[in-house]
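The block underneath contains the structure these notes are about, expressed in structure tokens.
Residue numbers (the numbering used here), protein chains in the order written: chain H, 1251 to 1597; chain X, 11 to 436.
Rendered as structure tokens:
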């Protein structure tokens, strides 16, 4: 059945709706997720609620009621702790952390409690918790609202981390995350919310831990995360002009990332660039480079290049913010060591 | 592990550089960023800095040697590290590098032998061969002796494609390069005359100019169009503005050069096929107009470049041209300030030349030669004899890319801007 493309944000809203319809143990909580419902000045405008700071959960409170769409005080530690507790007692909470930069307030509940319970109780306790949060620069949100910390969550054993790059994946990965019996951090790039794409109307899941090859190629592999897929595709278009065939891999899941797909690609092309908007040190990109160098050493035809943000907070000024994020130009410059001779040979 | 000190690539078309002098010797302790040596590149000299801290363990390229870009000229290692294999504290002139002519040994008897002769891969200099894991594995599987292969990857590494493209040579690796006096990587270095090497016997900037000119002549199919442009209106425009804004306009923005450059930039924007490069079989139209201006120096010439000139008004353009020209005279240009031009203007008007046939600044498509202003007697509308200032222009273009009519239209566009000068400030 066909219908018009919907936005990334609508895809998540639709995923939440279908998860809540399917399983009445699923509930949402967070700051302003209902926000303003039944308030007179909104009702006068025929609006039911704000649905969170970006409007992602709009319409869910009127549909499912205040018991399943819970506005919390501005207390990340309080509601995240409640979510962990609810999860081990059998519910499937989907709390929202407004910006991933705020994780410090509630990290104890995730790191010291939630991520370890299944292990500490010998597998008898499950923690079916999906933490939705936002990351990403590009909206001039300044340093405290623009970071990309999925790698920080990914470094915690027992936590799975999902970073969708398009509306189809966003809905399918979200439904898979809610079905998952472990903590999943579902990190949404706030600058992708308006991105449109075809999304099936019905319930479906996209496998967690499985990358996807968005473009097949033989000369050079690029592994990317989230909105950096768009940069990788643009690089591939640019290099196609020089008859260089780039393979683009959308990682989809940052923890556990899909080693098999990445290594198979490197075995084919011999060359790898990792584009990641997060910081470069002790990060996902660095982890991928290390694992590939270890497991595919004899297949490498040059060093693994990483193109990332610099090791600084995100600048507020939009011109500096554009320089901060990996771009086509930066990829071509910073990875020229393994690109330029391909042009020569191909020519 | 030793860190290679490599010949830097300073420009789009640079393929090799000459070691002019070493500031350090084997055994000297150096800090990262210290100036180690001076090299002569495209038209200028340049300081090579230490890529790491340590001790100079080996110097592989002596003063006067020509070295391909990215090839090592020396090595830095730990204080107690022995020189890299094959080196010694007082290295003899290595077979792989060239002893160029020196002032005490005048030109003819020593033909310049290129460094990257097929039989002596630059990657072996210093005793180490850089080869990617994949290339090494493939070479081993196929039983190929990879020490014979010339690496083309990053830092001169041998890649899998180098192994795939390699044809084992019948000649032993130790054979001097005399049989193949010209490096395949620099086809422009040779002419049709057997044994002729462009720039041979010359040094420094003279040699670079010689090579560039020969390269251009051998790779372009040039035609030169010549015409005059009536610049009565331009001169009036100029004196009117000068009278009104003399003080703030002291930066050369109303010089004839600036006005002409502005006209050329506008014409290039309207003729994108002319604002382009044709190099190694690839024709690339360039979005930015990077205007080059030939500047004569006591010992040669250089073309400083004002980049993204299409975004500049007369004030910015005038300042840019003046600044670049004066720093070119002082030898203070950085490499990216004399590379990357998309079209060049050259002026012999000061020397009373009217027309000439400039050589294209390769890989560009065209070059505009400007002659000396001429006072011409012509008949006006009333059939009265009047004097009018006319500017002679010579446009050389590459007929491989552009045809005569297109070039004539382009030249006419420049003329139109000069004849209706208010367009220059719109």
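We put the beta carbon where it would ideally sit given N, CA and C, even for glycine. It should be emphasised that the depicted structure is a prediction, and the values quoted were computed from it without experimental measurement.
Less than 8 Å between the CB atoms is what I'm expecting for residue 352 of chain X and residue 285 of chain X, so what's the real figure, rounded? Contact between residue 352 of chain X and residue 285 of chain X holds, with the beta-carbon distance rounding to 5 Å and staying under 8 Å.
Leaving out five residues before and five after residue 398 of chain X in sequence, what residues of the same chain have Cβ atoms less than 7 Å from its Cβ? 240, 242, 386 and 388
Looking at C-alpha atoms only, which residue of X:303, X:427 and X:36 is the closest neighbour of residue 245 of chain X? Residue X:427 is the option with its Cα nearest to residue 245 of chain X.
Who pairs with residue 376 of chain X in a beta bridge, going by DSSP? Answer is X:407.
Go to residue 171 of chain X, then tell me how far its beta strand (DSSP E) extends in each direction, as first and last residue. Looking at the DSSP string, residue 171 of chain X is not in any beta strand (DSSP E); the run it does join, the alpha helix (DSSP H), is 170 to 175.
Suppose you measure from the CA of residue 1375 of chain H to the CA of residue 1507 of chain H; what does that come to, to the nearest Å? 25 Å
Given that residue 147 of chain X touches chain B, what residues does it touch there, using C-beta distances under 7 Å? No chain B appears in the structure shown, which is made up of the protein chains H and X.
Name the DSSP bridge partner or partners of residue 295 of chain X? X:286
Euclidean distance between Cα positions of residue 82 of chain X and residue 17 of chain X: 6 Å
Does DSSP put residue 55 of chain X in a helix, a strand or coil? In the three-state DSSP reduction, residue 55 of chain X falls in the strand class (E or B).
Same chain, Cβ closer than 7 Å to residue 367 of chain X, neighbours up to 5 away in sequence not counted: Cβ within range, chain order: 234, 404 and 406.
So what does DSSP say about residue 426 of chain X, is it helix, strand or coil? helix
Whole beta strand (DSSP E) elements within the stretch 1414 to 1491 of chain H, 3-residue minimum: 1433 to 1439, 1462 to 1465 and 1470 to 1474
Mapping the DSSP letters down to three states, classify residue 1497 of chain H as helix, strand or coil. strand
Short of 6 Å in beta carbon distance, which residues of its chain neighbour residue 31 of chain X, apart from the five on each side in sequence? Order them along the chain. 48 and 73
Spatial neighbours of residue 169 of chain X within its chain, please: C-beta separation below 6 Å, excluding the five flanking residues on both sides. 142, 145 and 163
If we ignore side chains and look at the alpha-carbon of each, how far apart do residue 248 of chain X and residue 269 of chain X end up? 9 Å
Go ahead and pull the three-state DSSP assignment for residue 1334 of chain H. helix
So residue 274 of chain X packs on residue 355 of chain X, CB below 8 Å; how close in whole Å? 6 Å
So which of H:1393, H:1294 and H:1379 has the shortest CA-CA distance to residue 1433 of chain H? Ranked by how close their Cα comes to the Cα of residue 1433 of chain H, the residues H:1393, H:1294 and H:1379 have H:1379 in first place.
Cβ neighbours of residue 1509 of chain H in the same chain (closer than 8 Å, five flanking residues each side left out): 1541 and 1545
Return the CA-CA distance between residue 1414 of chain H and residue 1422 of chain H, expressed in angstroms with no decimal places. 9 Å
Where residue 274 of chain X sits in the DSSP three-state scheme: helix
Between residue 416 of chain X and chain H, is the shortest Cβ-Cβ distance under 8 Å, so that the two count as touching? It does not: the Cβ of residue 416 of chain X has no partner Cβ on chain H nearer than 8 Å.
Can you confirm whether residue 237 of chain X, when its beta carbon is compared against all beta carbons of chain H, has any partner nearer than 8 Å? no
Say whether chain H places a C-beta atom closer than 8 Å to the C-beta of residue 343 of chain X. no
Given this structure, state the Cα-to-Cα distance separating residue 308 of chain X from residue 54 of chain X, to the nearest angstrom. 13 Å
Go through its chain and collect everything with a Cβ distance to residue 1521 of chain H's Cβ below 6 Å, but skip five positions before and after it. 1470, 1551, 1552 and 1588
Keeping to the same chain, check which residues put their C-beta closer than 6 Å to that of residue 42 of chain X; ignore five residues upstream and five downstream. 60, 62 and 63
DSSP-derived helix/strand/coil call for residue 1256 of chain H: strand
Compare the beta carbon distance of residue 178 of chain X and residue 287 of chain X with 8 Å and say whether it is the shorter of the two. no
Kindly indicate if chain X contains any beta-carbon less than 8 Å away from that of residue 1256 of chain H. no
Since I believe residue 85 of chain X is in contact with residue 39 of chain X (beta carbons under 8 Å), could you give me their beta-carbon distance rounded to a whole number of angstroms? Actually they do not touch by this definition, with Cβ atoms about 14 Å apart.
Does any residue of chain H have a CB that is nearer than 8 Å to the CB of residue 25 of chain X? Closer than 8 Å: no.
Check whether chain X comes within 8 Å of residue 1360 of chain H, counting only Cβ atoms and requiring the distance to be less than that. No, its Cβ sits nowhere closer than 8 Å to a Cβ of chain X.
Do the stretch 1459 to 1475 of chain H and the stretch 1268 to 1283 of chain H meet, that is, are 3 or more Cβ pairs less than 8 Å apart? no
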